[in-house]
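If you count the sequence shown from 1, position 381 lands on 380 in numbering that gives the first Met the number 0, and the numbers rise without skipping. Let me begin by presenting the structure, written as structure tokens, before commenting on it.
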Amino acid sequence: MTDSTSSPISNPTFNPLPSPLSSCGNAPVIGAIADDFTGATDVAVAFRRAGLRVAVHFGVPSAASAAVEAGVDAVVVALKSRTIEPTEAVEQSLQAARWLQDQGVRQLYFKYCSTFDSTVRGNIGPVADALLELTGAATTVVVPASPAHGRTQYLGNLFVGDVPLAESPMRHHPLTPMTDSNVQRLLQGQTTHPTALLTRSVVARGAAAVRQSLQAAAAAGTAYVVVDALDEQDLLTIGQACVDLPLLTGAAGLAGGLGAALAQRERAVSQRAAVTASPPVEGVLSADAPGADATGGDVPGRDVPGGGPAAVLAGSCSARTLEQLTALRTAAPGSSAHPAHFLDAVQTPDAAALAERALSWYEQQDPAGPAPLIYSSQPPEQLRAAQQALGVERASLILEEATGLIARGLAERGVRRLVVAGGETSGAVVTALSVSDGLIGVEAAPGVPWIRTARAGTGLGAPQGVDDGNGRHLWLLLKSGNFGDPQLLVRAADTASPASSGDTGSPTSSGDTGSPASSGDAAVETAVPA
Numbered sequence: 000m001t002d003s004t005s006s007p008i009s010n011p012t013f014n015p016l017p018s019p020l021s022s023c024g025n026a027p028v029i030g031a032i033a034d035d036f037t038g039a040t041d042v043a044v045a046f047r048r049a050g051l052r053v054a055v056h057f058g059v060p061s062a063a064s065a066a067v068e069a070g071v072d073a074v075v076v077a078l079k080s081r082t083i084e085p086t087e088a089v090e091q092s093l094q095a096a097r098w099l100q101d102q103g104v105r106q107l108y109f110k111y112c113s114t115f116d117s118t119v120r121g122n123i124g125p126v127a128d129a130l131l132e133l134t135g136a137a138t139t140v141v142v143p144a145s146p147a148h149g150r151t152q153y154l155g156n157l158f159v160g161d162v163p164l165a166e167s168p169m170r171h172h173p174l175t176p177m178t179d180s181n182v183q184r185l186l187q188g189q190t191t192h193p194t195a196l197l198t199r200s201v202v203a204r205g206a207a208a209v210r211q212s213l214q215a216a217a218a219a220g221t222a223y224v225v226v227d228a229l230d231e232q233d234l235l236t237i238g239q240a241c242v243d244l245p246l247l248t249g250a251a252g253l254a255g256g257l258g259a260a261l262a263q264r265e266r267a268v269s270q271r272a273a274v275t276a277s278p279p280v281e282g283v284l285s286a287d288a289p290g291a292d293a294t295g296g297d298v299p300g301r302d303v304p305g306g307g308p309a310a311v312l313a314g315s316c317s318a319r320t321l322e323q324l325t326a327l328r329t330a331a332p333g334s335s336a337h338p339a340h341f342l343d344a345v346q347t348p349d350a351a352a353l354a355e356r357a358l359s360w361y362e363q364q365d366p367a368g369p370a371p372l373i374y375s376s377q378p379p380e381q382l383r384a385a386q387q388a389l390g391v392e393r394a395s396l397i398l399e400e401a402t403g404l405i406a407r408g409l410a411e412r413g414v415r416r417l418v419v420a421g422g423e424t425s426g427a428v429v430t431a432l433s434v435s436d437g438l439i440g441v442e443a444a445p446g447v448p449w450i451r452t453a454r455a456g457t458g459l460g461a462p463q464g465v466d467d468g469n470g471r472h473l474w475l476l477l478k479s480g481n482f483g484d485p486q487l488l489v490r491a492a493d494t495a496s497p498a499s500s501g502d503t504g505s506p507t508s509s510g511d512t513g514s515p516a517s518s519g520d521a522a523v524e525t526a527v528p529a
């Protein structure tokens, strides 16, 4: 393990959580704080795959959580803190962390992007510093690697596919240009605490070796241990080694490894309880857990969206989203193309007018036809022209406000399944709809789940959720710009379209998360930055 030292932190002792976590009763096992909305759904999915029941809250909750009271294993708080001022990001993250602790959470997970999106000012380092102090943790891990999304780390260097981070499209990110591939150096520039690198050679020796290295780091006063990971087995090893840490930081990949370790622990506790004839341990993999119906599959209406009016909103201009929109607008053999309406902010530089025109167009569409698409996504040259005409900030603000107004109008017109492409676009939609929380359902693609929501701050209520006042839930699918295979939007829209109103099956996933080589370019080319 290699060190990079600066001022030491206080309390240089290894400070694990009590075991087992299930002793907390009905309290959630873990609480995560994500620095953007689509990242929150990604980490929530990672926990759900491990068998945990997961709720997501959009923004810092201000009251007790009905979802927590109903019984979930993991709670994710989705913030929009990645590129705001560091002091504001720290304040929001601490508010979220304290709220999670009030819900009974005793282990925190700080989730950031797998391309370590940040600058020398933050916000990863400052937020991690604040959470480290809040939890009293002596040391924590830093694991951005997410092999399922094409992000791996070797000898401290982060790769996007086969390309070093600094040579990927993320080098030209307008807000967080990544000009260094070395995660330890990137982090050291954002914190005064000591950092160290734990190489893959240690990870390959197993969880005990990783745990021993973390104990040594804590004893030496090292706050952050940047850990290599090349594949899913590495993440499982790291998760098992870190299952007792009060604070972990990483992307969705490590969350999956941690979730698996937590689930394994809970199963062991349940087995011991059964042997001693004690009451069953509530929590992980209980009767209300994902996939726990009588047949062992997902439950329609709880985990899987049914039918009903659907629409697609897209604001990301990433290469993958543009490819997905082309597929959506192109008729496949034996089917009809999805009708599409473009939000032209240059021609109509007024959010309310853009929204009114789009909603009028929507009302003219065949309610029995394919789900309509309303989009602002553009190829790079057209995007640059629009930004030159309006200014980058003004163009984004107009389209973000318009998209929110459209989402609200679509919900008022009966849309019950809303597919959204783009991180900032997703944030605009969630905010406009006053969505406070939701339960994570099945994935339409890896890392892209359906979310069953309650609107207008009504909360989730009972374990089966609360409807929107009209007897039906509002389902959202929030897709990060570069996530999903080319047919993702087609599958998601068709699953939720009026034409398939009787379909309660799970959207088919190809298993393709998109081309890793293009995975970092979402915000390089965005009308509403993804």
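Think of the CB as a built atom: it goes at the ideal place given N, C-alpha and C, for glycine as much as any other residue. Just so we're clear, the structure is a prediction, and the values are computed from it rather than from any experiment.
Under the three-state DSSP convention, the category residue i falls into
{"i": "S145", "result": "strand"}
{"i": "Y361", "result": "helix"}
{"i": "T424", "result": "helix"}
{"i": "Q152", "result": "strand"}
{"i": "F46", "result": "helix"}
{"i": "L432", "result": "coil"}
{"i": "R184", "result": "helix"}
{"i": "G440", "result": "strand"}
{"i": "V242", "result": "coil"}
{"i": "L417", "result": "strand"}
{"i": "A31", "result": "strand"}
{"i": "L247", "result": "strand"}
{"i": "T494", "result": "helix"}
{"i": "P168", "result": "helix"}
{"i": "L174", "result": "coil"}
{"i": "L409", "result": "helix"}
{"i": "F36", "result": "helix"}
Inter-residue CB distance, residue i and residue j (contact presumed, cutoff 8 Å)
{"i": "S376", "j": "T320", "result": "6 Å"}
{"i": "V59", "j": "V89", "result": "That belief does not hold up - the Cβ atoms of V59 and V89 are roughly 13 Å apart, past 8 Å."}
{"i": "P308", "j": "W449", "result": "P308 to W449, Cβ: 15 Å. No contact."}
{"i": "F36", "j": "L477", "result": "6 Å"}
{"i": "G314", "j": "D41", "result": "About 18 Å separates the two Cβ atoms, so there is no contact after all."}
{"i": "D128", "j": "T82", "result": "The pair is not a contact, with the Cβ atoms about 18 Å apart (cut-off 8 Å)."}
{"i": "L389", "j": "P348", "result": "6 Å"}
{"i": "G426", "j": "K79", "result": "5 Å"}
{"i": "G53", "j": "A73", "result": "The displayed chain sequence assigns Val, not Gly, to residue 53. Between A73 and V53 the Cβ distance is about 5 Å, and since that is below 8 Å, they are a contact."}
With 16 other Cβ atoms within 10 Å as the buried cut-off, status of residue i
{"i": "D227", "result": "buried"}
{"i": "D436", "result": "buried"}
{"i": "R199", "result": "buried"}
{"i": "L417", "result": "buried"}
{"i": "S180", "result": "buried"}
{"i": "Y153", "result": "exposed"}
{"i": "A310", "result": "buried"}
{"i": "S335", "result": "exposed"}
{"i": "T118", "result": "buried"}
{"i": "L174", "result": "exposed"}
{"i": "E322", "result": "buried"}
{"i": "G440", "result": "buried"}
{"i": "G452", "result": "Contrary to the premise, residue 452 reads as Thr rather than Gly in this sequence. Buried is the call here."}
{"i": "G413", "result": "exposed"}
{"i": "P378", "result": "exposed"}
{"i": "G256", "result": "buried"}
{"i": "D484", "result": "buried"}
{"i": "R393", "result": "exposed"}
{"i": "E380", "result": "exposed"}
7 Å CB neighbourhood of residue i in its chain, flanking five on each side removed
{"i": "L358", "result": "I405, G408"}
{"i": "A339", "result": "R328, L372, Y374"}
{"i": "T551", "result": "The requested residue 551 is not part of the displayed model; the chain covers only 0 to 529."}
{"i": "N156", "result": "P163, S180, N181"}
{"i": "T259", "result": "It is Ala, not Thr, that sits at residue 259 in the sequence shown. Answer for A259: A49, L235, G238, listed in chain order."}
{"i": "V491", "result": "Contrary to the premise, residue 491 reads as Ala rather than Val in this sequence. Excluding sequence neighbours, A491 sits near V418, A443, L476, P506."}
{"i": "A208", "result": "V201"}
Contacting residues, own chain, Cβ-Cβ under 8 Å from residue i (five flanking each side not counted)
{"i": "V224", "result": "M0, T138, T139, V140, V141, T194, A195, L196, L197, S212, L213, A216"}
{"i": "L229", "result": "A144, P146, T151, Q152, Y153, R199"}
6 Å CB neighbourhood of residue i in its chain, flanking five on each side removed
{"i": "D161", "result": "none"}
{"i": "Y361", "result": "P371"}
{"i": "W98", "result": "P60"}
{"i": "C241", "result": "V140, L247"}
{"i": "S479", "result": "T37, G422"}
{"i": "A545", "result": "Because the chain spans 0 through 529 in this model, residue 545 falls outside it and cannot be assessed."}
Interface flag, residue i vs chain D, CB-CB below 9 Å
{"i": "V126", "result": "Absent from the structure: chain D. Only one protein chain is present."}
* Mind pulling the alpha helix (DSSP H) runs of 4 or more residues that sit fully within the stretch 196-237? -> With a minimum length of 4 residues, the continuous alpha helix (DSSP H) runs that stay inside the stretch 196-237 are 199-202, 206-218.
* Asked: What runs of the beta strand (DSSP E), each 3 residues or longer, lie entirely inside the stretch 60-147?
  -> For the stretch 60-147, whole beta strand (DSSP E) runs of length 3 or above, ordered along the chain, are 73-77, 107-110, 139-142.
* Start-end ranges of the beta strand (DSSP E) lying completely within the stretch 306-381, minimum 3 residues -> Listed in chain order, the complete beta strand (DSSP E) runs (minimum 3 residues) inside the stretch 306-381 are 309-313, 339-341, 372-374.
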